[in-house]
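In the numbering used here, the protein residues as written are 26 to 115.
From the three backbone atoms N, C-alpha and C, an ideal C-beta is built for every residue, glycine too.
This report refers to the structure that appears directly beneath it.
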Amino acid sequence: ALSNSGQIASITVTQPFYKGVTLSIKLPKGKFYEFYRGVLSLLEDSFDETEVEIKIKARKGKISKSDYENRIRETLIQINAQIVEEKTEE
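Listed below in structure tokens is the structure:
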């Protein structure tokens, strides 16, 4: 914008912000990557503290105890995930 003296005047536009976000979400099967890419990565870039708690319910199938222990639990241990609740059904 030009001022009366012909000089360019600066315009400040204040954008509204959220100072915190809490979401509880049910994702369709196979959509976690899109969730991570489109939601979680932006929140992690925007906030110094981003805590994610994931609840998984797996039904109508089966997994061997060795796969569960050696792959799932081992991965959780390697990434320092805190297991808040764990239930398995035989």
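For this session: Can you tell me which of THR75, SER66 and THR39 puts its alpha carbon nearest to the alpha carbon of THR123?
Result: The chain is shown from 26 up to 115; residue 123 falls before or after that span and cannot be answered.
Exercise. Measuring from the CB of THR113, is there a heavy atom of the ligand GDP at a distance below 7 Å?
Worked result: This structure lacks the ligand GDP, and indeed carries no ligand of any kind.
Exercise. Counting only runs that start and end within the stretch 40-102, where is the alpha helix (DSSP H) found for 4 or more residues in a row?
Worked result: Within the stretch 40-102, the complete alpha helix (DSSP H) runs of at least 4 residues are 57-60 and 66-71.
Exercise. Can you check whether the CB of GLU59 is closer than 8 Å to the CB of VAL109?
Worked result: Going by C-beta atoms, VAL109 is not nearer than 8 Å to GLU59.
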